[in-house]
Each structure stands twice: as structure tokens, then as C-alpha cells.
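I have placed the structure first, in the form of C-alpha cells, so that the comments after it can refer back to it.
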Amino acid sequence: MQRSRGLSAALVLSTAAGLGLVALPQPAAALTPPVAFTADDLPTWQTNGIVWALAEAHGTVFAGGTFSQVRPPEGESGDAQTAVNFVALDAATGDPTSCKLSFTIGSGTATVRALAVSPDKKTLYAGGYFGAVNGTQVSSLAAIDIATCTPKANFHPSVSATVRALAVTDDTVYLGGDFTSVGGSAHARYAAVDATSGAVEPFQADVDEPGRAVAVTPDGKDVILGGDFFTVNGVNSHALAVVDAATGANVRTYPGFIETNSVVKALDTDATGFYTGNEGTGGGVFDGRIALDLSTLDQRWRDTCLGATQAVKSYQDVLYSSSHAHDCSSVGEFPDGRRHHLLAEPTTGTNKLGWFPDTNDGLGEGIGPRAMVVSETSDNKYMWVGGEFTTVNGSAAQGLTRFAASPDTGAPTVPSVSAESVKPTETHLRWRASLDTDDTKLTYKVYRNGGSTPVYTVDGDSVEWSRPQLSFTDKNVTAGSTYTYRVTATDGAGNASALSAAATVTVPTSAQKYAAQVLDDGANLYWRYDESATPFVGDTSPGDQSGIHLNGPSLRQTPAAVTGPSTAIGFNGTDQIVYGDKRTTVPSQYSIETWFRTTTTRGGKLVGFGDNTTRASGQYDKHVYMRNDGRLVFGVWTGSARTITSPAAYNDGTWHHVVATQGASGMALYVDGGRVGTLAETNSQPYSGYWHVGGDNLNGWPNQPSSSYFAGQVDETAIYPSVLSAAQVQSHYTLASAPADSVQTVRASDDTYVNAGAADTNYGTSTSLAVRGSAAYETYLRFDLPSAPAGTVLKSARLAVKTTTLSSAGSTDDISVRPVTGSWTEAGTTFTSKPAVSSTVVGTLSGATDLSTLYSATLDTAALTPALGGAYDLALTSTGTDALWLWSSEAPAAENTPQLVLTFGAP
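Sequential numbering of the sequence shown, starting at 11, is according to the working numbering.
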């Protein structure tokens, strides 16, 4: 069973492996158990109004509500059909059946609010506000013979007002609603009638406010009531009660159990429990779901998500629900944000399972879905949902939708991937966990250098609000070489995402001193801001705590705060931030570190912890912010704000380093390597939340700046689960300006090959290049080399090429790389006019045997150094007979090859 709480052990996957070391996960199931339905909505006839109730029998689904027509699914042909507040549909096809019933009334607006089928599946009972069914006079309650689709004329109890809920046993129909009398007898909002004759039963369960839900326990002994009421049979019991099925006498009342501004809108039962769906109004409401054990009638669990629950359905150990849940932070899940209308959780707990189809709010009150029912056919099973929505999974679909157990056709989202290499011995590939709306467990495959066989395979769990970073450390690398990685995600049914965008990284010839020290000092979140696309921010640390860009910060800003190839990020001071993609807690000892550059006079938060992501946090501290005057504040909340403020201002437009620590010795604030303040405070506000960079709530804090958002550049943000010492802080500040290698990649400006078998043919526009000794092919490449940056020399050089997809593209022969000494042009050179080539070999390409794969050859830097700052021509030649076919720079699949990768550094 995959659950969103407690996922961290499975989600935080960081593996060091050599090429060819492949993890072997267990095969994933088609759907992640125990979820029984896909999230792929099926074509279903639509209503022109609201569906309030659903029931099913023998593969037919009955829908009741407030509507006058049904029409074909969006985009399909066919004419609308009259359907007055009721429609019967084939569960497997979604099409209307021949059963036509019209629920009408002489004055006012007729509506069907409740449907229930008898245990023998022969009779459909309907409740609501109506006076006739196909012309047969009734009074807000009717019985329909399912076989003939006709109302039963001898069943016509008179009900004084709207019926909102029904439950049926072999011989009794229980009803709840707004009424005060049934069959001429006083019954305040709940009653029971004979299932055949409609005669009123001696069942008296009077409540003071509307009844909205009713259910019978599986043993038939008790009836569960849910609604707006505050008393049951004169006894205090708000919104929920259990009464005797025969008499209506109180069996269990629940005074003070549900908040007074909340009601029970839905009930369901299974073999061991019963479940409530709740709705509240105002502050401090209960909007979620409660599970209670039938054996004790006591609470099993309570899901305190906010967002009014309208329907609950227990099926095969899973509680499915319809709501507009927008804040599940109280149960450790998503913070206040967008609405989630369909959810699933195990009947044993509140942890959401991997089932996330969605609707919009729709018509009427803007609630979304309002009813659910499961229909099983001979070869499949279907979850039907009705309500006031007008879209499902982002596409037009009004009033009705359905989801099957199979097939699962939706593929996971494409992984967002980035790669980095801080040390000359490894590369670090990381990606954001993909999202699949009906599978939490996905299988990821990592491909290197265009290869067709994955170098790493791993399973990971994810849900929409928890898509943490997964990572792979590749130790089978060579310093100075360039590697390209792509990742796919596959669900249990075999639906695979497309390949991710390529993440390319060059391994340095020496360690990046600053980054290596941050990692050595134990950072468990390290954002370096080197991404070239939103929204994924990779975590360089082993903590795999990635971030998400919000509102498009400026990427790859230069110059960065530290020497080397890394870049910074820019924020507009209005709405741009980076927030953590993983809910976490902060230990009692921690350190916050970042670099910043700004000239703002409006202040703003640099780094901080808060309990929301895309909205302003309600709890927020452990932060560093800038005042309007440029001074820095480090603060925690202990019931009041406890802060350290820097004596100096730092909004001077230059890079500054700030570190804030708290631990057993209290708080300390460092700027540019030196300590500028301390405070003997060891406490802070305890809560789970997310790290933020660039902004979050600052209401109520001392010297609150004009803006909660920071305008400027930020770089090298790190969080540590320990207190950095003064010596460590000073070391980081010093290392930021230490000399670092730089890597430049140069793509061929011209390339062509010649063919002895077609001596007068020019191949300058070809997308391929070829090399062979016998029946000769030779390839020529031209590169415009940069000059060495000031104070550096060329430390390494490599030629990178990529084999084509031709079945014979690879070669077992060694390929020599030689300088070209003669003249040639891409558009004019043929075998007849080929240039002279030096006998000196400056590099050798070996083992290029696979198709569509990147290969590289180390080049002699002594040969290239004199040519820096000018054009340099290379030839690829062979003495063998096995041809090598490469992509030319004209080919889209070439991934910018052929190219030279040049590393410059201090002499």
C-alpha cells in the first residue's frame, strides 16, 4: 500500500553506482494497490444541470438531480435527449438506456436528491422534491420497478417537504430531509416506511434541523443519521447519531463530537465501519471525513482536510470521496492551495492514495462532485461520479463522469532533469519525481550518452503535493569528459513518459572548492541555481530536497557569487520565489546559508521556513530578511519575535555572504565571513513546512520591510542540520573567490566528409559524417577556439561525437584525430580535392561500437594551445575496414556534436 505520509524513505533515493550497476525493483502493479480505478475519465453522456444522486443495479447507473436534458460526450455526434431530473445509463458505455422517467411538480422546481436500490436490485427508490413520475402522482418519494422502468402506483407515502437521503433494507425504506410529517404522522426530518406499501413504520427519530444522510448498519440493527441537527429525540447530538432500526430510539449520540459550524453531508458503511463526509461554514470548521468502528461506534480516524466533503464511498478497503479539498496540511499533506475534488484514502487511515482525477467547481454553489457509486459488470468495474462540475481532468464534461478499473492508459509526466559534477570522480544526476494520477509507484530508467540500455533503474513514490527529487551518482566517468543523461518514468501498466530533455554535464579536472566544502560540511539542502528551465531546482546535497520556481525567476544570472561555472538566480521583488518541494521539519540545531546581491530599498525575505508553498505562510520563522535600509535580520518565533539585526547595510549592489545559525548556544548571524550578532535563544516555532528563497510572509515582524519579496540575485543557498562553526563560515567565504576551472564547449563551425567511392561528390550538407580506411572515408571538422581566460591555461581538451542510428554506425576500429594542414571548405571539398593531413595523432577515439551514443577522445593540449583564439581544423581517419558513421552538426539528433570540450584553469 503506497501512502503519501511516510513516503520519505522511498522517495529520497540517492544512489552511487558505476555504469552498468542497475537496481532491480519489484515489478509495479498496473495500479498502485489498493486503488481499484484508473484516473482516466471515460466518455459519458452529459447533463445540462446538477446531478445530486447516483445508484446502480445490474450494470445500469441511475442519476437524479436538477436538469432537463442529457447530451453526448463532448466532441461526439448525436442529439440531446429530454431527461427531466433523471437518466438511466449503461455503466460500461456511458450511454442512456431505454428507461425514461420524468420527475415533475406542478409549481416550483422539481429535483431528485436521493436514490437507493433495494437489496434484491429490483426496485429503485427516489427522493427529492417532486409531485409526479411519468404522470403518476407521488409526494417527494417514489418507488420504481427497475425491470419495467415504471413507478409503483401503490407506493405513494406523502412527505411534507424535500427528501434528501434514502437507505433501504429488504422491507424498509429510511428517509431523511426537510420534512416534518410523513403519511400524515409527525416525523421531524427522519422516518421509515414499508418498502412495498409505503406505509409509515413505527420508527421515530426526530431531529431539530435537516437530515442530509442516512445509512443502515450491515447487520440491519441500527440506522446512522447525519445532517445539520443539534438534537436527536431531544438529546444533544450534533450532526451525527446512531438509532435503533426498529424504533428510532437513540443508540449512540455524539455531543461535541463535530464542530457546531459543520454538518454531515454523506454517510457510507462497510463490513467494519461507517464513514462521514462533512461540510462546514466559517472559521474553525470540520470539512473532512471521519471513520468510526461499527463494533464500538467510536472514532477510528479523522481526516481534517479543509474543503467541504459531499460524498463518500467505501470500496475494497479504500474510502473514495468527493469534495473540494484545498488544505490538508493538518494531516501532513498539501498546504492551502488549489482544490482537489476527488480523493482516496485507506479505510484504516488518512494518508491519501494515488488516485487523483479532478473536476472543476462547476455550477450552483461551485462545489464540484456531489455523488459517487460503483457499478460492477461482467468484465470491468466503474466508479461513477455526479455533481455540478463542467470539466473533468481539464476537458469539458458536465454533471457525470466515470472511471474504470482497466485499462490504465495515462502515462506519467516527463521527468524534469538536471545534472552537475562538483568532483572529478563523479556526476550527480537528479530529477523531480513524475506525477501519475492513478499510480504513486513509478519506475525510472536513466540513459547515458544516447544509449538504448538504461544504466540505472529505480522505483519511486510520488503524489501531486510530494514529488521529491530522485538522484543517481555516476562514478564511471572520466575527468574532462562530457556526459548526457535522459530519464523516463513508467507506471505499473507499462505506460511510459517521453524521454526527458537531455541533461549534459562536463566532469571537472579538479574539484569545485566552494561546492565541495559545502557538501563536506554536511549540507542537506543545497540549491546552486544552475538550471536553464523552470520549474525544477536541483538539490546538490544528499538530502534530495529539491525546489520549485514560482512565477518565473530569472535563471542563469552571471556573474555568480562564487568562482567557477555555476550561475545565480534573480527575483523581481514582487512574486517570484523558490520553495521546497518536500514538507520537512527543522531540527533544534541548524544553519542557513546563502549569497545575495541587491540595491533594493524595499527589503524582502532572503531565506526562511514557512508552512505553505504557493501562498503566504500562516506560520513562518527561522528566516533571514532585509529591512528597507539594507540591514539584515535573523529571526525565530517563540511566542514573540526573537531577532538579531546586522549593524551595517548590504544593499550596495555587490555580492554578500550571510549565515544564520541556531543551536544549544543560541543564535548567531554572520555576514561576509564575520559574526555580526548573537542572541541567547535556543527555541523556535515547531511545525512542518517548506524552505523558501526570495519571499514569504513577514507580517508582524520587527522593522517589517515594504515588500515580503526580495528584489535581487541569490546564489548558493544551503541548509545544514547542524551549527556551522565560525571557522567553517570563514572558510566558505574565502573559498568563494578561490580560483576555479572553467569549461567551454565549442561546436564545429564547419564539417564534412569525403568518399573515395564518389571522389567528386561533396557531402557538406549531409547530416552524417563517415570514417573508414579501406574504400576510404575521411571527416574534417573546423572549430573556432576561444582564447584562454586571463590567468588560465588549457588544462584538458576532448572531442565529442555521436554515432548515428544506422544499423552499421558503430565501429570496432580505432579512429585517429589529426590536425588538418591543408585548406578545405564545407561546401566545396571532395575526395579529389581533400586537404593534407598531419601525420601527428593528437587523440584516438576507441570503442565507438554502439548506435546513437556519445563518444569522446582526449586531445593533446600542447597541440591545441598555440591555436587558441583562432580556427583549428581536425581530421578523423582510420586504417581499418569497419566504417564509423557520426551525426554532423546539421543533424538535429547530433546534440550539438561534433564539439570540443575545453577546460581552462590556473597554471
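We treat Cβ as the ideally placed atom computed from N, Cα and C, and that holds for glycine.
Residue i, buried or exposed, once every other Cβ within 10 Å from all chains shown has been counted against 16
i: Thr-48; result: buried
i: Leu-248; result: Note that residue 248 is His in the sequence shown, not Leu. Label assigned to His-248: buried.
i: Ser-428; result: buried
i: Thr-286; result: buried
i: Ser-709; result: Note on residue identity: the sequence assigns Asn, not Ser, to residue 709. It is exposed - the Cβ of Asn-709 has fewer than 16 other Cβ atoms within 10 Å.
i: Thr-889; result: exposed
i: Ala-768; result: exposed
i: Glu-66; result: buried
i: Ala-785; result: exposed
i: His-166; result: buried
i: Ser-919; result: Any answer about residue 919 is impossible in this case: the structure gives the chain only from 11 up to 917.
i: Arg-348; result: exposed
i: Asp-218; result: exposed
i: Thr-492; result: buried
i: Ser-675; result: exposed
i: Ala-750; result: buried
i: Ala-335; result: buried
i: Glu-603; result: buried
i: Asp-308; result: exposed
Start and end residues, beta strand (DSSP E) containing residue i
i: Leu-439; result: 437-442
i: Lys-632; result: 630-636
i: Val-529; result: The question names Val, but residue 529 is Leu in the sequence shown. Here Leu-529 belongs to no beta strand (DSSP E); instead the alpha helix (DSSP H) covers 523-530.
i: Ala-73; result: 70-76
i: Trp-665; result: From DSSP, Trp-665 is part of no beta strand (DSSP E); its letter is neither H nor E.
i: Lys-615; result: 614-620
i: Asp-484; result: 479-484
i: Asp-793; result: Here residue 793 is Phe; the residue named in the question, Asp, does not match the sequence. Phe-793 -> beta strand (DSSP E) spans 787-794.
i: Lys-993; result: Beyond the ends of the chain as shown, which are 11 and 917, falls residue 993; an answer cannot be given.
i: Asn-582; result: 578-582
i: Tyr-264; result: No beta strand (DSSP E) holds Tyr-264; DSSP gives it neither H nor E.
i: Gln-79; result: 79-81
i: Gln-909; result: 909-915
i: Gly-298; result: Unbroken run through Gly-298: none, as it is neither H nor E.
i: Leu-894; result: 894-897
Cβ separation of residue i and residue j, assumed to be a contact under 8 Å, to the nearest whole Å
i: Gly-404; j: Pro-563; result: The pair is not a contact, with the Cβ atoms about 26 Å apart (cut-off 8 Å).
i: Asp-303; j: Arg-310; result: 5 Å
i: Val-274; j: Asn-288; result: 6 Å
i: Leu-41; j: Asp-449; result: 6 Å
i: Leu-912; j: Leu-804; result: 6 Å
i: Gly-386; j: Val-515; result: Position check: residue 386 holds Glu in this sequence, whereas Gly was assumed. In fact, because the Cβ distance is near 52 Å, the residues do not count as touching under 8 Å.
i: Ser-732; j: Ser-601; result: 7 Å
i: Asp-621; j: Tyr-697; result: 6 Å
i: Leu-52; j: Phe-413; result: 7 Å
i: Thr-182; j: Ala-202; result: 5 Å
i: Ala-124; j: Ala-175; result: 5 Å
9 Å Cβ cutoff, residue i in contact with chain C
i: Val-341; result: The structure shown contains no chain C; it is built from a single protein chain.
Residue interval of the alpha helix (DSSP H) (run including residue i)
i: Asp-337; result: First-last for Asp-337: undefined, no H or E at that position.
Straight-line Cα distance separating residue j from residue i
i: Val-80; j: Val-245; result: 45 Å
i: Asn-906; j: Leu-809; result: 12 Å
i: Gly-409; j: Val-61; result: 6 Å
i: Ser-78; j: Asn-361; result: 39 Å
i: Thr-282; j: Gly-649; result: 44 Å
i: Tyr-787; j: Val-724; result: 51 Å
i: Ile-825; j: Val-781; result: 8 Å
i: Lys-632; j: Asp-662; result: 25 Å
i: Thr-107; j: Gly-69; result: 11 Å
i: Val-341; j: Asp-297; result: 13 Å
i: Thr-76; j: Gly-374; result: 11 Å
i: Tyr-700; j: Leu-452; result: 24 Å
i: Gly-266; j: Phe-240; result: 10 Å
Closer than 8 Å: residue i CB and nearest the ligand SAM heavy atom
i: Thr-871; result: With respect to small molecules bound, the structure shown includes none, and the ligand SAM cannot be examined in it.
For the stretch 694-781, which segments carrying the beta strand (DSSP E) assignment without a break, of at least 3 residues, lie completely within its bounds, in sequence order?
Annotation: the stretch 694-781 contains the following complete segments of the beta strand (DSSP E) (minimum length 3 residues), in chain order: 700-703, 721-730, 752-757, 760-765, 778-781.
What are the uninterrupted segments assigned as beta strand (DSSP E) that are 3 or more residues long and contained completely in the stretch 812-837, given in chain order?
825-829
To test your reading of the DSSP string, which unbroken beta strand (DSSP E) runs of 3 or more residues are found completely within the stretch 138-220?
151-155, 173-178, 182-187, 200-204
Within the stretch 341-428, ranges of the beta strand (DSSP E) (whole runs, at least 3 residues)
Every beta strand (DSSP E) stretch that sits fully inside the stretch 341-428 and reaches 3 residues is listed by chain position as 350-356, 379-386, 391-397, 410-414.
Which whole runs of the alpha helix (DSSP H) in the stretch 833-886 are 4 residues long or more, in chain order?
871-874
Starting from the N-terminal side, write out each stretch of the alpha helix (DSSP H) that is 4 residues or longer and does not extend beyond the stretch 485-556.
523-530
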